[in-house]
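Visitor: Below is the structure I would like to discuss, written out as structure tokens.
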Amino acid sequence: MRPLVAHLSRAALRHNYQQFPPNTWAVIKADGYGFGAVEVAKTLPDAPGFAVACIEEAIVLREGGIQGPILVLEGPFEPTEWMDIGAYQLDAVVHRPEQLDGLLELRQRSWAGIWLKIDTGMHRLGMSEPVALTCAQRIAGLAIQRRVWMAHFACADDVNAQLPLSAAPPGFALSLNNSAAGLTRHELPDNWSRAGIALFGASSVQGRSADDLGLQCVQRLCSQVVALREVPQGESVGYGGRWTASRDSRIATLPGGYADGYSRQMPDGTPVMIQGHLAPLAGRVSMDRITVDVTDFPDVQVGAAAELWGSQVSVDQVATAANTIAYELFCNVARRVPRIWSEA
Ligand SMILES: Cc1ncc(COP(=O)(O)O)c(C=O)c1O
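Going left to right, the sequence shown walks through residues 276 to 619 as my numbering numbers them.
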């Protein structure tokens, strides 16, 4: 078996969820940030609900046996999608008033939840408060289990940023927080958090590591040294000869390339943990493998265990090296990489 595997910890996932107040919904769009939405949902039975991007993702959860509330964050794209929202008893975001037309035309007797989305400064999706209030009036007479007034922060990652608030009208619950706000902004009004990235053990707060935030590592992307060679000073390694040996060097080759989700943007020097040593990436990431400079670690042999990210080298460190964020690395872990869950 190819020794590139994502080891996933249910205990760490549950621990991270517990860092949030009760009433925190787990955001598991994009197949649970790449971890597998159904598995993640089944690991978090205490979550009052789950949020996904679209109806197709919600149906995967329902058909995977998830019976509790599921929120569709982008709401319906077409009026006919209200039929699925009703049939699968989904909660739906309404971010522009026209989305409500399809709901009001249907004579469905009861709805799971309507979340009116306010634009408080992200300027991506959402309505002004007055427009949202007209929506609240239009649905006033309907049987709806949950009415929620929600907004999404653009700058919660910056602990010094002033966050724009919105107050829910009577009869509506309030939902504002993402991971960063839920973990750091205890001064905000009590509201239902919608937590994503922190559940998976990465930090989205500037200047604070996952450790600082009390989060545990959920994913270890593990590989193994499958070849070793001596590369004389002046020779180069990999496509385009990007890395050139400044001394006689030992180069280890490991499975894990951009087709696995290990980004081709990783520069020389990106840290790779091999047998307890932090060793630098040397040369371009290929489709299926990487090359790492282990000259300083003579004990590294073929078969040595490696961690591309995880508990010894954090996904945030690796993401920073590649000028991206942990969200993108997690979401890009390819299907061909086996996910192996353990209880511990
Ligand atoms: C509307 C909404 N709420 C909550 C989240 C969760 O954000 P995070 O993963 O930063 O916790 C997202 C993710 O982008 C989102 O789009």
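All C-beta atoms in this analysis are idealised placements derived from N, C-alpha and C, irrespective of residue type, glycine included.
Keep in mind that this is a model prediction, so the values were computed, not measured.
For Trp584, report the span of its beta strand (DSSP E) as first-last.
Guide: As a working note, residue 584 is residue 309 in the sequence shown. From DSSP, the beta strand (DSSP E) with Trp584 extends over Ala580 to Trp584.
Visitor: Which value, in whole angstroms, describes the spacing of the CA atoms of Ile303 and Phe325?
Guide: As a working note, residue 303 is residue 28 in the sequence shown. As a working note, residue 325 is residue 50 in the sequence shown. Spanning the two alpha carbons is a distance of roughly 7 Å.
Visitor: Give the DSSP bridge partners of Cys497, in chain order.
Guide: Start at 1 with the first residue of the sequence shown, and residue 497 comes out as number 222. In the DSSP output, where bridge partners are listed per residue, Cys497 has Val280 and Glu582.
Visitor: Within the same chain, show all residues whose beta-carbon is closer than 7 Å to that of Leu417, passing over the 5 residues directly before and after it, in chain order.
Guide: Against the sequence shown, residue 417 aligns to sequence position 142. Counting only Cβ-Cβ distances below 7 Å, and skipping sequence neighbours, we find Trp386.
Visitor: Does the separation of the CB atoms of Trp300 and Pro323 fall below 8 Å?
Guide: Within the sequence shown, the letter at position 25 stands for residue 300. Within the sequence shown, the letter at position 48 stands for residue 323. Against a cut-off of 8 Å, the Cβ pair of Pro323 and Trp300 comes out as a contact.
Visitor: Taking contact to mean 3 or more Cβ pairs, one atom from each stretch, closer than 8 Å, check whether the segment 560–572 and the segment 473–481 are in contact.
Guide: no
Visitor: Quick check on DSSP: helix, strand or coil for Met358?
Guide: Here residue 358 refers to the residue found at position 83 when the sequence shown is read from its first residue. Reduced to three states, the DSSP call for Met358 is helix.
Visitor: Nearest-angstrom Cα distance between Val313 and Ala534?
Guide: Counting from 1 along the sequence shown, the entry for residue 313 is found at position 38. Counting from 1 along the sequence shown, the entry for residue 534 is found at position 259. Their Cα atoms are separated by approximately 24 Å.
Visitor: What are the start and end residues of the alpha helix (DSSP H) that includes Asp591?
Guide: What you label residue 591 is simply residue 316 of the sequence shown in a count that begins at 1. Counting along the chain, the alpha helix (DSSP H) containing Asp591 begins and ends at Val590 to Ala596.
Visitor: CA-CA distance, Gly343 and Leu378?
Guide: Against the sequence shown, residue 343 aligns to sequence position 68. Against the sequence shown, residue 378 aligns to sequence position 103. So the alpha carbons of these two residues sit roughly 21 Å apart.
Visitor: Any heavy atom of ligand 1 within a distance shorter than 7 Å of the CB on Ser454?
Guide: Within the sequence shown, residue 454 is the residue found at index 179, counting from 1. For Ser454, the distance from the CB to the nearest heavy atom of ligand 1 is below 7 Å.
Visitor: Could you give the first and the last residue of the continuous beta strand (DSSP E) run that contains Ala527?
Guide: Counting from one through the sequence shown, the residue named residue 527 turns up at place 252. Segment Ser524 to Pro530, the beta strand (DSSP E) holding Ala527.
Visitor: Does the Cβ of Ser589 have 16 or more other Cβ atoms within 10 Å, making it buried, or fewer, making it exposed?
Guide: For the purposes of this step, residue 589 is taken as residue 314 along the sequence shown, with counting starting at 1. Ser589 should be labelled buried.
Visitor: Using CA coordinates, which residue listed in Gln587, Ala286, Trp424 and Ala456 is at the minimum distance from Val368?
Guide: On the sequence shown, residue 368 is found 93 positions in, with the first residue counted as 1. The shortest C-alpha separation from Val368 is found at Trp424.
Visitor: Is any non-hydrogen atom of ligand 2 found closer than 7 Å to the C-beta of Leu348, if you look at the structure I gave you?
Guide: Among the ligands modelled here, namely ligand 1, ligand 2 does not occur.
Visitor: Determine the closest residue to Cys492 out of Asp465, Val608, Glu603 and Ala473, with distance taken between C-alpha atoms.
Guide: For this step, residue 492 is matched to residue 217 along the sequence shown. Considering only alpha carbons, the answer is Ala473.
Visitor: For the segment 548–568 against the segment 524–534, are there 3 or more C-beta pairs whose distance is under 8 Å?
Guide: Verdict: yes, contact present.
Visitor: Would you grab the beta carbon distance between Tyr308 and Gly471 for me? Rounded to a whole angstrom, and I think it's under 8 Å.
Guide: Here the question's residue 308 lines up with position 33 in the sequence shown. Here the question's residue 471 lines up with position 196 in the sequence shown. Contact flag correct, Cβ pair sits at about 6 Å.
Visitor: DSSP puts Phe325 in a beta bridge; with which residues?
Guide: Numbered from 1 along the sequence shown, position 50 holds the residue referred to as residue 325. Looking at the DSSP assignment, Phe325 forms a beta bridge with Ala301 and Ile345.
Visitor: Could you check what DSSP says for Val315 in three-state terms: helix, strand or coil?
Guide: As a first step, residue 315 is located in the sequence shown; it is residue number 40 there, counting from the start. Three-state result, Val315: helix.
Visitor: Helix or strand or just coil, what does DSSP make of Pro405?
Guide: Position 130 of the sequence shown holds residue 405. Looking at Pro405 - three-state DSSP - the assignment turns out to be helix.
Visitor: Reducing DSSP to helix, strand and coil, say where Ile414 ends up.
Guide: Against the sequence shown, residue 414 aligns to sequence position 139. If DSSP states are grouped into helix, strand and coil, Ile414 belongs with coil.
Visitor: Take Ile414 as the anchor and find which of Gly350, Pro372 and Ala455 has the nearest alpha-carbon.
Guide: The residue you call residue 414 lines up with position 139 of the sequence shown. Closest by alpha carbon: Pro372.
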